[in-house]
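Step one of this worksheet: look at the structure below.
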Amino acid sequence: MNNQIQNNGVERLTSMEKVQAGLAQRYAKERRFRRLGLAAVMTGLLFIALLLGSIVSNGYSAFWQTEVQLEVQLEQADIDPEVSRDPEVLSVADYGGLVKRSLRNTFPEVKGRRDKRKLYEMVSSGAAFQLQDMVMANPDLIGSTVKLWVPADDDIDMLVKGHIDRSKPESERRVKDQQLEWLDELTSQGRIRSAFNTIFFTAGDSREPELAGIWGAAVGSMFTLLVTLCLSFPIGVAAAVYLEEFAPVNRWTDLIEVNINNLAAVPSIVFGLLGLAVFINFFGLPRSAPVVGGLVLTLMTLPTIIIASRAALKSVPPSIREAALGLGASRMQMVFHHVLPLAMPGMLTGTIIGMAQALGESAPLLMIGMVAFIVDIPGSITDPSTVMPVQIYLWADSPERAFVERTSAAIMLLLGFLVSMNALAVILRKKFERRW
Amino acid sequence: MDTIIESSSVGLIKPGVIEPIKVEVQNTISRDDRTTVGEAFVDDPRMTLRNVNVFYGAEQAIMDVSLDIGKRQVVAMIGPSGCGKSTFLRCINRMNDTIDGCRVTGDIKLDGEDIYHPDLDVVSLRSRIGMVFQKPNPFPKSIYDNVAYGPRIHGIATNKTDMDEIVVTSLTKAGLWNEVKDRLDQPGTGLSGGQQQRLCIARAIAVNPEIVLMDEPCSALDPIATAKIEELIDELREQYTIAIVTHSMQQAARVSQRTAYFHLGDLIEIGDTDQIFTNPRHPLTEDYITGRFG
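So the protein lines, in turn, are chains A and B.
Residues in the first sequence are numbered from 1 upward in steps of one, following the numbering used here.
Residues in the second sequence are numbered from 1 upward in steps of one, following the numbering used here.
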């Protein structure tokens, strides 16, 4: 008996020792794992910071635009010789000539065609349109001399922003020595300023960087997403509810489920080809239109929404369903009164994720012609338009130096769009979330 | 080493396990005999269940069970876990319909009407046969809406005054009114476990059912809450017919007038509660109620 207790005691001691010996190793393992996790998170954050840093440092200057003050004499004889004040007459007047004359008057010493052309290149070609708009809006200005700020040419803008190096030899830079002199002269007269770039936020695309804006693409994106949301949310939720709550479990529903899961993994450009073949070639819908873009993106986001919605429906506890059925609710009442409200936050999250995916998508839209150069702001879902990611792609492809900063600025706006959509998702989820 | 093994094997034997088994002389039925003993049928039944079989796929969960449920009485169903008593209960309001692969055969009649008849509307059936579940499952809505939900979907109350009255009476009957009258707009999920279960009972009786089924209504509750629910069942008996599944034999003895003992899908014995607990006729019933297994 004594022997036995001793034996037992020894046994216990050794097992305790074993535990102790292993303990240090177990803690060390945990510490290593934590450090590894922390390192992974830090690396991720570092890359995000690098990405954002490079985009912001490249793009922030696009929000300002260099402007030149012009003094333009609006001669009656040049614009409206017969004093008709007819908009038709006013709109066809040679405003470009007026701008050029104003520049010549500022620098009367400039002679020769080539020098004059260099002088004219100092201001944007949009100056004439700005002048036209001004006169059309207020014809009483005719006969007077007006002072107005017009955007400088993109090369001058780049020079002022420091993206073109003055110290380089003349042959290696786009701004010539003469233009530098004129610029310095204008600066000393206080006729150069840096103003908030409203054109960037209000205009459509343009070949001239100083006249190019993101608004056209943003409106195109909004119309496209509107079509996508209006189609994919109801269809996706209805499909998920039917498959999860009403459909019998058999070979056909299994087949449908497998197909939906596979569709989620299909490369997006394939949906673009499908859209081109079906919506444009077969149904004859207009090219480059948000309605077709929306349809294609609906096809692309549907699997995401269906899968997320089914997961949300599955997570509703069966006790709630039993409670409703036990009270004599029909299946439909059970789903719509109890299950759907509880699954709504999850469904909304899935939808917003799908929408964010659709917002950032460019490949399928290239196939249906939304890559076109479109200057006008689209007014409806059937107008030709482009979307923000495609606009970024187009600008990134352009050779002008000024498009570099506009590309980055457009990316910043796109990211802003995405962040606000995700914020909306969080708010909606918080609002609809209920505990049980 | 030898000594250790010896000592541990000695320690495994608990005192009392090798208690001598009492030999009951009056029992002549064999333990293998699964035919129902006792009075399965009553004179004036509310529900008649004949030759009920339930299958989950190929597996048979209930084997040829026949019994009656009388008016204004509480029938308790007891038995070890997995004996099919919950499955049997769920046949009565066709809740088994919602389980894939579950098949019910036999003849179940409510007031002479076949409840599995293809023309019978299951929604109206469930409004006549209410159910209270094992786990309290109030809707994540206000207390008022929880009780008002049933009457609302069945269109029982036409205006706000009627609805208010139904809510007040149901909560009063469930013995919950005094505890919640000041917070009817608060979520039902915020109540304590016992209160939630009484809310579920109030919700079930708000549609004025004829029969109330209770599937282990007290298994998630403490003794005080259980006592309240049992008291409530006793009061509800005056108005409703109640079938209750329970794990607690004391509970069955306290609240029921008739008791049915299930064993592995068979109805072994049924009869007056007093008789079952004092003088069981089948050896399996006796084994169970004396705590020999289960």
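For each residue, glycine too, the CB sits at the ideal point set by N, CA and C.
Asked: Complete beta strand (DSSP E) runs within the region 161-206 of chain A (minimum length 3 residues, chain order); Found: 192-196
Asked: Residues near B/K109 in its chain [Cβ-Cβ closer than 6 Å; skip 5 each side]; Found: T48
Asked: Contact set between A/I320 and chain B, taken where Cβ atoms lie within less than 7 Å; Found: N137, F139
Asked: Three-pair Cβ contact test at 8 Å for the region 94-114 of chain B versus the region 172-189 of chain B; Found: no
Asked: Cβ pair B/H117, A/G328 closer than 8 Å; Found: no
Asked: A/A264 - containing alpha helix (DSSP H), residue span; Found: First-last for A/A264: undefined, no H or E at that position.
Asked: Close beta carbons around A/V219, own chain, < 6 Å, minus the five adjacent residues each side; Found: I377, P378
Asked: Best match in A/E322, A/A40, A/A62 for proximity to B/M131 [C-alpha to C-alpha]; Found: A/E322
Asked: Host beta strand (DSSP E) of B/G70 (start-end); Found: 59-70
Asked: Under 8 Å between C-beta atoms of B/I224 and B/I233; Found: no
Asked: Three-state secondary structure assigned by DSSP to A/V83; Found: coil
Asked: Beta-carbon proximity of A/R406 to A/A127, cut-off 8 Å; Found: no
Asked: Close-in-space but distant-in-sequence residues of the same chain around A/S144 (CB under 7 Å, 5 per side omitted); Found: L74
Asked: Proximity test, Cβ basis, 8 Å: A/V249 and chain B; Found: yes
Asked: Residues, ordered as in the chain, of the region 320-340 of chain A that lie near chain B by beta-carbon distance below 7 Å; Found: I320, E322, A323, L325, G326, L327, G328, A329, S330, Q333, H338
Asked: Under the three-state DSSP convention, the category A/F107 falls into; Found: coil
Asked: C-alpha gap between B/V180 and B/R198, whole angstroms; Found: 11 Å
Asked: Through-space distance from A/R35 to A/M42, alpha-carbon basis; Found: 10 Å
Asked: Terminal residues of the beta strand (DSSP E) in which B/M95 lies; Found: Looking at the DSSP string, B/M95 is not in any beta strand (DSSP E), and its letter there is neither H nor E.
Asked: Element boundaries [beta strand (DSSP E), containing B/L213]; Found: 211-215
Asked: Pair within 8 Å by beta-carbon distance, B/E216 and B/Q134; Found: yes
Asked: A/V19, DSSP secondary structure in three states; Found: helix
Asked: Boundaries of the beta strand (DSSP E) in which B/K109 is found, first to last residue; Found: 102-110
Asked: Status (buried if at least 16 other CB within 10 Å, exposed otherwise) for A/A277; Found: exposed
Asked: Near-chain B residues of the region 338-371 of chain A (beta-carbon distance less than 9 Å), N- to C-terminal order; Found: H338, P341, L342
Asked: Contacts that B/S256 makes with chain A (C-beta to C-beta distance below 9 Å); Found: Chain A residues near B/S256: none, gap ~21 Å exceeds 9 Å.
Asked: 7 Å Cβ cut-off: residues of chain A touching B/Y56; Found: Per Cβ cutoff of 7 Å: no residues; B/Y56 is ~15 Å from chain A at best.
Asked: Counted within 10 angstroms of its Cβ, other Cβ atoms place A/S408 as buried (16 or more) or exposed; Found: buried
Asked: Cβ of B/G82 within 8 Å of any chain A Cβ; Found: no
Asked: Whether A/S385 touches A/I374 by CB criterion (8 Å); Found: yes
Asked: Buried versus exposed, by CB contacts within 10 Å (16 or more), B/D111; Found: exposed
Asked: Burial state of A/L45 (16 or more Cβ within 10 Å); Found: exposed
Asked: Every unbroken alpha helix (DSSP H) inside the region 277-349 of chain A [4 residues or more]; Found: 290-314, 318-326, 331-334
Asked: Close Cβ partners of A/R191 (< 7 Å) along its chain, the five nearest in sequence each way excluded; Found: V68, Q69
Asked: Exposed unless 16 or more other CB atoms sit within 10 angstroms - verdict on A/G37; Found: exposed
Asked: Three CB pairs or more closer than 8 Å across the region 230-249 of chain A and the region 334-350 of chain A; Found: yes
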